[in-house]
Ligand code: CP
Ligand code: NVA
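Residue numbers (my numbering): -8 to 306.
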């Protein structure tokens, strides 16, 4: 148990943990997943390491996977969750993030927040005495990328030197993928329409960590000999659904032609929810190289390791 005067381990972005801790999380997730294959999904792991711990799940945006996977993750670790949604809590009536953080810190052991403006998760962390985990902001989605790395490794894609290709919008998920690339030493080719590139700060993080980052407007350049192909919705939560953006994104659809440019054993990832027929064709989404439902399941196994790290049970 962490003492009350220890700085909490927040997980607002992947760099908060760093390369060694992410490697430890991935190894732990692989071991824990393997150790419970025959257990019902709601049964705790044999060691129940977070018995008695409670996680607050705070949502200011919609979610299916993040909400369910954190809940199941806590049950499997022996703990429990409570759910706070903006519309039914005082957050929705303007109570400050600072006061919410100070109150929740007296009542729970850790907080997960999904919100729009990244400054809100930073404010939560500034005032919380317990770990705060970023469950997605407009800027980044670090928990998703831990699950994506786990999925890649499971499909025999060792991270160092891996060629990961991204297609479409330069959004929060791509930002975190770039951050991971710099930490875990894989390469990213991001094919986006002009004006939809990822944030310069994340490109710099990747490059300064030694990752080769290719930014292109030609999806074939990204796909050629790639090991992993990734895309996401063209219109993220909170973004205007502009026809001009949809038209700009159309050439970046991941389809059979695009997959055929990649390595023959390349896999397809999508964080979901997907818009089949838009960013990905139906034959790729439901095809043999799509591992999107492994990826979705891996949200549970990744969240468990993130929680164990945040609560000081993993170094
Ligand atoms: N991938 C992901 O974060 O899904 P949800 O929005 O359903 O949580
Ligand atoms: N980029 C998407 C990811 C959803 C999990 C969004 O922010 O809506």
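By construction, the Cβ of each residue, glycine as well, lies at the ideal position given by its N, Cα and C atoms.
Please list, in chain order, all residues of the same chain as residue 96 whose beta carbon is under 6 Å from its beta carbon, the five residues on each side excluded.
119, 120 and 121
According to the neighbour-count rule (16 or more other Cβ atoms, all chains shown, within 10 Å of its Cβ), is residue 125 buried or exposed?
buried
Answer yes if the stretch 252 to 260 comes into contact with the stretch 15 to 23, meaning at least three C-beta pairs across the two stretches below 8 Å, and no otherwise.
no
Round the Cβ separation of residue 298 and residue 35 to the nearest angstrom and send it over; I've been treating them as touching at under 8 Å.
The pair is not a contact, with the Cβ atoms about 13 Å apart (cut-off 8 Å).
Can you determine whether any heavy atom of ligand 2 sits closer than 8 Å to the C-beta of residue 103, and answer yes or no?
Incorrect: residue 103 has no Cβ contact closer than 8 Å to ligand 2.
Based on Cα-Cα distance, which residue from 56, 261, 270 and 205 lies nearest to residue 367?
Not covered by the structure: residue 367. The range shown for the chain is -8 to 306.
With DSSP collapsed to three states, give me the class of residue 9.
coil
Compare the C-alpha of residue 188 against each of 206, 138, 195 and 7 and name the closest.
206
Let me check you understand the geometry: is the CB of residue 164 closer than 8 Å to at least one non-hydrogen atom of ligand 2?
yes
Taking the beta carbon of residue -6 as the centre, do at least 16 other beta carbons fall within 10 Å, making it buried, or is it exposed?
Note that residue -6 scores 41 on pLDDT, short of 50, meaning its location in the model is unreliable and no value can be drawn from it.
Below 8 Å CB to CB, which residues in the same chain sit around residue 26 once its five sequence neighbours on both sides are set aside?
36 and 37
What do you reckon, are the CB atoms on residue -1 and residue 116 nearer than 9 Å?
yes
Pull up the DSSP beta-bridge partners for residue 2, would you.
Beta-bridge pairing links residue 2 to 124.
Tell me whether residue 30, by its Cβ, gets closer than 8 Å to a heavy atom of ligand 2.
The answer is no for residue 30.
For a test of your reading of the model: does the CB of residue 57 fall under 8 Å from any non-hydrogen atom of ligand 1? Yes or no.
Within the chosen limit of 8 Å, ligand 1 reaches the beta carbon of residue 57 through at least one heavy atom.
Around the Cβ of residue 135, are there at least 16 other Cβ atoms within 10 angstroms (buried) or fewer (exposed)?
buried
Considering just the uninterrupted stretch of the beta strand (DSSP E) at residue 157, what are its terminal residues?
154 to 158
Within the present structure, is the beta-carbon of residue 41 separated from the nearest heavy atom of ligand 1 by less than 8 Å?
Of the heavy atoms belonging to ligand 1, none sits nearer than 8 Å to the Cβ of residue 41.
Residues in its own chain within less than 7 Å of residue 165 by CB, not counting five upstream and five downstream?
Excluding the 5 residues flanking it on each side, residue 165 has same chain C-beta neighbours closer than 7 Å at 157, 181 and 189, in chain order.
Comparing C-alpha positions only, which one of 48, 172, 221 and 61 sits nearest to residue 91?
When 48, 172, 221 and 61 are compared, the shortest CA-CA separation from residue 91 is found for 48.
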